[in-house]
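Take a look at the structure set out below.
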Amino acid sequence: MSIETTFYGGFPRGKNFISLYSKFLKNDISREEFYKKTEAIVLRLIRKLSKYDVKIGTDGIFIWDDIFAPFSKALSSVEANGLYRFFDNNFYLRIPVVKGKISYEKCITCDWYRRIINRIKEKRIEYTLRAVLPGYALFAFYSDDKYYNDKTRMLRDFHKVLLEEIESLRRIGIEDIELHDPALPCKEIPSKISEKSIDLYKSLDKQLISKVWVITYFRYSYFDRLESLIKDTNFIIHIDLVENSTIMDNLLSLMDGGTLSLGIVDARNTKLEKVRQLKTIIEKFREKVDKIYIAPNTFMEFIPERIAYRKVRILSNLSRKYR
Amino acid sequence: MFMQEYYLPILPTTVIGSYPRPRWLRDIIRRYKKGQIKEKVLKEAYNDAVIAVIKDHEIAGIDIPSDGEQRRDEMVEYFAERIGGFKFYGPVRVWGNAFFNKPAVVDKLEYRESIVVNEFSFLQKVSYSKIVKVTITGPYTIADWSFNEYYSDKEELVYALAEIINREIKELEKAGAKYVQIDEPALPTHEEEVEWAVKAINKALEGIKIKLGMHICYGKYERILPYVDKINVSQFALEFANRQFKDLELLIEYSYNKELGFGVIDVHNRRIESPLEIAEAIRKVLSILPPEKVYINPDCGLKLLPREIARKKMENMVLGTKLVRKELVKAGFDDMIVFK
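Going line by line, the protein sequences match chains A and B. Each step along the first sequence adds one to the number in my numbering, with nothing skipped, and position 172 is 181. Each step along the second sequence adds one to the number in my numbering, with nothing skipped, and position 314 is 1749.
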């Protein structure tokens, strides 16, 4: 069994970026200057994470306001509107309001990702960049559908634009895509939506060349919705074991080789985990999987930057025990 | 004991609490943090800012003003800085480019000294209105928006905070405050915790005789509305504009019968609502509740808006309210209500 450390979605933004973004929002600096300076900040993050043996992850999605924006700007007939709480966190997002048939306009993030990829290559950093996108159930959960009157129909069109976006990203050199879908196993999602989402994931699996990671987190009400994704797709599924420790036996029984991602440090609390405690979890998977990615249970924007680095270091210390 | 009665215009207008800081105050705070300005100068600037806010409220015609929470960077952080047992590791993002220093509970919590009594005393001194609103972040929200490294569970932490908040409200009562609003935006967050959270919040309100209100924004109101009669406050100030007033239906569904602070201004949108729009929204709520039970306020604190927009939104809120007041008086309602 091999182990690698990674992280998903947003990384906490440091004071430099906060002040830079504030200047950009006030039009005190141009978009070009904002991007250029953000590039340098992202590069610093990636370099620092490399020291902790993190060789794959995101760019911290600093230019994203939330899980939907700027991707939703790539879709026609979708606008960002009311501010809503992101699950049970003191963290908010603008919900997508669907006012017409969803279709793909252009890749909004490609320019940005291209810049980061080029910089990573230029600086010869060993780092695989993953792009971040919302998953099906998450999109259905938060979108305000004013057009379809049936979110399963809406998801069919969302599927098409997701395919186009992933293909656009592949063309610029991003082969790894993380689809965040904490809504999929949650109780607020009706079974009609979860079933449609699972079908579409399976269809995505058949249609894509890119490597897809489905990132789930927070408390699961229906772990069984994830079971078929683990069994029937080639995706790497990220499981939040911090908030769902009771599913451990069930998860173990599903595994017979393959790759799995485990969220084992709590990215919603500052309390630091002990490596030896985490090791007992990993030991259980030793004979069950070929490869494990160890990661924080969710994206790390819920904790301060310095705690995030400490948590990554804990994961890195754990993975070193398996070298 | 003789209790003095206070009168307010029917449909009293008020604010939720926060208001944009003047640009010069932000500059002074920045310079203070860099060590370029003495604390004395900063304190004077805070006082001057409160006077400026009060003037904005007065010009807009707000019946129950607040101090705009000018001294508070953030609603949880401010309390955590003044309660023993908290530690700060750095900012965390809330949305967009808005951050707050989310505190961590690392030791037994302890009431060190009064937290907002000085704020209240100054506000009352400079206010044009005898009734002012003092806002206090509730124990559940402080706990929910903090990291817990010390207490065995969240419930234990909330009860520890409830004791501290109770002591602070008693200090405010002693100092002459007439209206305290407990801010509990986190309350609808975790459905399974509401039952015990309500009991803990009531612990924080025990033995208080002055008017108590509660402000809750975001989240699903259907999780809270079954409990409103169990929470010992006379008024709930809720957001409606940000939800396009859809949640008015919930008031009917849950037979809501307490006083309502009716949110008519979307604080996350820079578009300024017109007085006619606001009047229209108020008419909607009056089809559900009697006018004596309705106060008019923005959805939430105005602090994230540019000051000019916040002021204009407040002015239009008052103008819209006045349109409906005229209609009520015409219909035979008294133009004043007793503040109770």
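For each residue, glycine too, the CB sits at the ideal point set by N, CA and C. Because the structure is a prediction, the values reported are computed rather than measured.
Find the residues of chain A that neighbour residue i, judging by a C-beta separation of less than 9 Å, and give them in chain order.
i: W1530(B); result: D74, D75, L92, F95, F100, Y101, L102, R103
i: G1452(B); result: None at all; the shortest Cβ gap to chain A is about 17 Å.
For residue i, which of the options has the nearest alpha-carbon?
i: A1639(B); options: V1663(B), Q1616(B), G1573(B); result: G1573(B)
i: A83(A); options: E174(A), L324(A), P305(A); result: E174(A)
i: A1745(B); options: P1733(B), T1756(B), L1754(B); result: P1733(B)
i: K1565(B); options: V1764(B), I1497(B), L1695(B); result: I1497(B)
i: R1706(B); options: M1749(B), K1537(B), G1470(B), E1440(B); result: M1749(B)
i: C1735(B); options: N1637(B), M1649(B), F1534(B); result: M1649(B)
i: I1780(B); options: I1723(B), V1541(B), I1772(B); result: Any answer about residue 1780(B) is impossible in this case: the structure gives chain B only from 1436 up to 1775.
i: V1529(B); options: R162(A), I290(A), V106(A), D97(A); result: D97(A)
i: F1671(B); options: L1622(B), E1474(B), G1642(B); result: L1622(B)
i: Y1442(B); options: D1618(B), Y1656(B), K1613(B); result: K1613(B)
i: G6(A); options: K288(A), L238(A), L287(A), K155(A); result: This structure leaves residue 6(A) out entirely; chain A is present only between 10 and 332.
i: I1645(B); options: F1697(B), I1700(B), K1568(B); result: K1568(B)
i: L178(A); options: F80(A), I248(A), D214(A); result: F80(A)
i: A1595(B); options: N1637(B), A1610(B), E1626(B), V1629(B); result: N1637(B)
i: F1523(B); options: V1540(B), N1532(B), R1507(B); result: V1540(B)
i: L269(A); options: E204(A), K240(A), R180(A); result: K240(A)
i: K330(A); options: I224(A), K64(A), E292(A); result: E292(A)
i: T1448(B); options: A1766(B), V1759(B), F1768(B); result: V1759(B)
i: H1625(B); options: H1703(B), L1544(B), Q1439(B), A1578(B); result: A1578(B)
i: V1527(B); options: L287(A), S206(A), F33(A), T279(A); result: T279(A)
i: L1544(B); options: S1581(B), K1560(B), Y1563(B), V1552(B); result: S1581(B)
i: C116(A); options: L52(A), N99(A), V141(A), P105(A); result: V141(A)
i: K1560(B); options: G1519(B), N1692(B), I1486(B), P1538(B); result: I1486(B)
i: K160(A); options: E236(A), V106(A), H189(A); result: V106(A)
i: Y113(A); options: R123(A), K132(A), F43(A), K169(A); result: K169(A)
Anything in chain B within Cβ reach of residue i, meaning under 8 Å, just list it in chain order.
i: R56(A); result: Chain B residues near R56(A): none, gap ~20 Å exceeds 8 Å.
i: S31(A); result: N1532
i: I27(A); result: P1526, N1532, F1534
Applying a beta-carbon distance threshold of less than 7 Å, which residues of chain A neighbour residue i?
i: G1519(B); result: Chain A residues near G1519(B): none, gap ~18 Å exceeds 7 Å.
i: F1671(B); result: Near F1671(B) there are no residues of chain A at all, since even the closest Cβ is about 18 Å away, more than 7 Å.
i: W1580(B); result: N99
With which residues is residue i paired in a DSSP beta bridge?
i: F1555(B); result: F1555(B) is not bridged to any residue.
i: S262(A); result: According to DSSP, S262(A) bridges with nothing at all.
i: A304(A); result: G272(A)
i: T14(A); result: I303(A)
i: T1449(B); result: I1499(B)
i: H189(A); result: P143(A), I224(A)
i: N1732(B); result: G1698(B)
i: A1672(B); result: H1650(B), G1696(B)
i: N1583(B); result: V1540(B)
In chain order, what residues of the same chain have a beta carbon less than 6 Å from the beta carbon of residue i, not counting five sequence neighbours either side?
i: E314(A); result: P21, G23
i: G1755(B); result: P1710, I1713, A1714
i: M264(A); result: K297, V298
i: M1436(B); result: Confidence in M1436(B) is poor, its pLDDT being 47 and thus under 50, which makes the residue's placement unreliable; the coordinate value appears in the next sentence. Counting only Cβ-Cβ distances below 6 Å, and skipping sequence neighbours, we find nothing.
i: A317(A); result: P21, M309
i: S219(A); result: I175, R179, E184, I186
Which residues of chain B have a Cβ atom closer than 9 Å to the Cβ of residue i, listed in chain order?
i: P21(A); result: G1525, P1526, V1527, R1528
i: L147(A); result: Residues of chain B passing the Cβ test: none, with the nearest at roughly 17 Å.
i: L34(A); result: G1531, N1532
i: R322(A); result: Residues of chain B passing the Cβ test: none, with the nearest at roughly 15 Å.
Since residue i meets chain A, which of its residues come closer than 8 Å, beta carbon to beta carbon?
i: A1612(B); result: In chain order: nothing, as chain A lies at least about 27 Å away.
i: N1677(B); result: G91, L92
i: H1703(B); result: G91, L92
Who are the near neighbours of residue i in its chain, counting only those whose CB is closer than 7 Å to its CB and skipping five residues on each side?
i: S328(A); result: I12, E13, T14, D62, I303
i: P1455(B); result: L1737, K1738, L1740, P1741, R1742, A1745
i: R94(A); result: Y101
i: I1451(B); result: H1650, A1672, N1732, P1733, C1735, G1736
I'd like the list of long-range same chain contacts for residue i, defined as Cβ closer than 8 Å, with 5 residues on each side in sequence excluded.
i: E1509(B); result: F1535, N1536
i: Q216(A); result: L172
Along chain B, in chain order, which residues have C-beta atoms closer than 7 Å to that of residue i?
i: F311(A); result: V1527
i: E314(A); result: G1525
Fill in: Positions along the region 271 to 290 of chain A whose CB lies within less than 7 Å of some CB in chain E
Reference to chain E is not applicable here, since the protein chains of this structure are A and B.
Item to complete: Go through the region 54 to 133 of chain A residue by residue and report every complete run of the beta strand (DSSP E) that reaches 3 residues or more, in order.
Response: 84 to 94, 101 to 113
Worksheet entry | Sequence ranges, alpha helix (DSSP H) only - wholly within the region 1594 to 1659 of chain B, length at least 4 | 1629 to 1640
Worksheet entry | Minimum length 3: unbroken beta strand (DSSP E) runs contained in the region 1471 to 1559 of chain B | 1518 to 1530, 1533 to 1546
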